[in-house]
Every structure is written in structure tokens, then in C-alpha cells.
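Reviewing the structure listed below.
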Amino acid sequence: MMPEAVLQQAAAEMLDWHGSGMGVMEMSHRGKEFGEILARAEGDLRRLLHVPEQFHILFMQGGGLGENAIVPLNLSRGGTVDFVVTGSWSVKSHKEAQRYCDARIAASNAEGGHLSLPDPAGWQLSDGASYVHLCSNETINGIEFQELPDLKALGSSAPLVIDFSSHVASRPVDWSRVGLAFGGAQKNLGPAGLTLVVVRDELLGHALDICPSAFNYRTVADNQSMYNTPPTWGIYVAGLTFQWLLAQKEGELTGVEAMARRNAAKAKLLYDAIDGSSFYSNRVDVGCRSRMNVPFFLADDSRNADFLEGARAAGLLQLKGHKSVGGMRASIYNAMPLEGVQALVAYMREFERLHA
Ligand SMILES: *Cc1c(COP(=O)(O)O)cnc(C)c1O
């Protein structure tokens, strides 16, 4: 879900942005009005995520899957790239990169069924790899890195690339361990169509000749994300979301730190309810359970359709698990309030009481 305040503001400004006589969709992307929107969005995101100045923030298109090609086109130099495969999305990233470079698997949790994270101490990192790729939150499998690996401490000088599509802005990022982070905006930031890339300056300028100009990070950075028309509506709504996130408070914390505390509390409530019942189960290793995407199963799969129908009637939507995993999945992204998770837990208890 999106923050309601953001949807309300976008609706109120849809026909006339700040007295300009135009809606954002009607503006020239090179005009002064959109220039203000873009600059504010970038500045707010930098503040929100504490992005250091040696990183560029790029607003692109193509989605997470587009980046699965765009990253190797820009960073691989046609050489060796290491993948840490931990679920559906990193499987896809590894497969796509094979078209552009020697994409190896440094570690995988496929054997256990994508339920735990391979210990970094055992990763088979290649000498001279152009970069190491991992998905920091596996949306479908419900696995999250609670801490990013320190590749230097593991003996590798390769930059770390993370796909943070589904938990961007849900917790702080340790930029000292990151070379590039990418993510589609549609899970946690705004409407589909905007892709965020945060990349260290030193990684620009090494694209393969076959890299499309519009996807060359150097070109995009040199043109302030305006080499070609950027996804203006997506940037605008994501910008409103950045403002909303910056204003969030939990105790003495604000912004992304407040979100991290709130998201931890939401996730704990749901996992405790699942673990405290023999009617529901979550199979992911407790050390790497996602705070954003919580897959769970009913003890009796034949009740799934009843569970979903009752949930819908209670206003609890989109709980069906991904088809590759089955069961249920609660995606409790940033905009989902604690009350939403409380309502889900209350519904789960009631369903269990009636059907256990
Ligand atoms: C949703 C998702 C994607 C998919 O990105 P598209 O924008 O659909 O191309 C990629 N990676 C992760 C981790 C995701 O959750």
C-alpha cells in the first residue's frame, strides 16, 4: 500500500501543480517546475537514506529486471561476476547476467529450498571479480540480509551490488559496504515505472560498447537523469513519499530510522503470532526472516481459499502467496501501519479458532 497522505496530495495536485496551471503529467520534463520536483526528490532521498556524496542517485526506467541486464552491461567489463543466489530474484539476476559476462555462483541456498542465508565466511568469491551481486530482500521467499556482508573482510576487493527493490527505505543502508544499489519503486516508494539506482562515482565509465546509451550510467549521471525523458509521474509521487518518510517519527527516531523501528515491531507481531500457533507456520530461518514479506502456511492447505475469502471480507487484501511458494504472503511494506498487522493477526486468530 501507499501512504494515504501521499495519494491525497497527488490527487489534490493532479490538475494543477502549485498554481502552475498544469498537472505534473502535462509538464515539460525540461521546464522549471519539473526541475524543482526532480531536484527536491533527489535531495530528499539523499537525506532520507544518508547517501554519501561520492554516490550518484539515478532515476531510470526498466525495473529491477531491466537492471539485471543494465548492471552487467555497465559494471562487468565482460569479466567475472559472483552471484550469491538466495531466492527467486537472485536466480533471475544470475541467469540474465550470463548473457554479458562470466556469471558464477559464489554461494546458494537452493538446496535447502531458499530458506536460509549461506554464511558469508563460506562464499566462493572469485579473484578479480568485477562485482558481487546479492538480493538484500528476497520478496518471494521472505529472506532478508539483516546486515550486508563486508566483502573486504572476506578478502575480496570487488564492489557489492544489491537489489534492494522490496525493502528500500525500510531500514538504513550501510553505504560503506555498497558499490551500487538498485530497485524498482513500486514496492516501497511509489508507482511502477521508476527505477532507482544509487552508484559510486568510481564505477561509472566502464560500460560495454553494446550498452544502450539511455542505460549507460555515465550518460544518465552526466545528464542528471535527463538524458531522455525520465518517468516524471513516478519521480513526483516517489518524491512525495520521500517527504512522508522523512516526517515519520517513532519515539526519538525520525525518517528511515523510525521506519526501521516500526517495521521491526510490525514483523515481530506477525512472526510471533505465526510461531505461537500450530495452525500457521513460516519455514524461513529465524536469523534471516524478512521484515517486509512474510510468507506463511496454514496447517491444512485445503483451507487456503476460505482463509483468503474471509480475509478479503475483513478488508485484508493481497494475501495469496506467490505461485512458486504457495500458501500466504503478507507484504507489510513501509506504508502498512501497525494497525494493519494487528488486524491481520486478529483475523488469523479468529480463523484458527473456527477451523483448527
Ligand atoms: C519486484 C522485484 C523485482 C522486479 O522488478 P520489475 O520492476 O518488475 O522488473 C526485482 N527484484 C526484486 C527483489 C523484486 O522484489
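Each residue of the sequence shown is one higher than the one before, counting from 722 in my numbering. Think of the CB as a built atom: it goes at the ideal place given N, C-alpha and C, for glycine as much as any other residue.
In the DSSP assignment, the residues bridged to Asn858 are Glu865. When rounded, the separation of the alpha-carbon atoms in Thr860 and Lys1041 is 13 Å. Comparing C-alpha distances from Val806 to each of Ile791, Ser797, Gly784, Gly834 shows the shortest one belongs to Gly834. Three or more pairs of CB atoms, one per stretch, sit closer than 8 Å, so the region 945-963 contacts the region 915-932.
Ile778 places its beta carbon 7 Å or farther from that of Gly960. Taking the Cβ of Thr860 as the reference point, at least one heavy atom of ligand 1 falls within a distance shorter than 6 Å. A residue is called buried once 16 or more other Cβ atoms fall within 10 Å of its Cβ, and Ile931, having fewer, is exposed. The DSSP-derived three-state label of Arg768 is helix. In this structure, Ser887 has its beta carbon less than 6 Å from a heavy atom of ligand 1. With a threshold of 6 Å, the Cβ atom of Trp810 counts as near ligand 1, since some heavy atom of the ligand is closer than that. No Cβ-Cβ contact shorter than 7 Å links Leu836 with Leu929.
Its chain contains Gly863, Ile864, Glu865, Ala988, Tyr992, Asn1003 as the residues whose beta carbon lies nearer than 8 Å to that of Arg1010, once the 5 sequence neighbours on both sides are disregarded; these appear in chain order. By the criterion of a C-beta distance shorter than 7 Å, Ala902 is surrounded in its chain by Ile883, Phe885, Val894, Val919, once the five residues flanking it on both sides are discounted.
Taken in chain order, the whole alpha helix (DSSP H) runs of length 4 or more contained in the region 976-1047 are 976-996, 1025-1034. Spatial neighbours of Phe804 in its own chain (CB-CB distance under 8 Å, excluding positions within 5 residues in sequence) are listed in chain order as Ser811, Ser814, His815, Ala818, Ala824, Arg825, Ile826, Ala827, Val853, His854, Leu855. In this structure, Phe1000 keeps its C-beta atom at 7 Å or more from the C-beta atom of Ala1067. Remark: the C-beta of Leu786 is in contact range of ligand 1, defined as less than 6 Å to any heavy atom.
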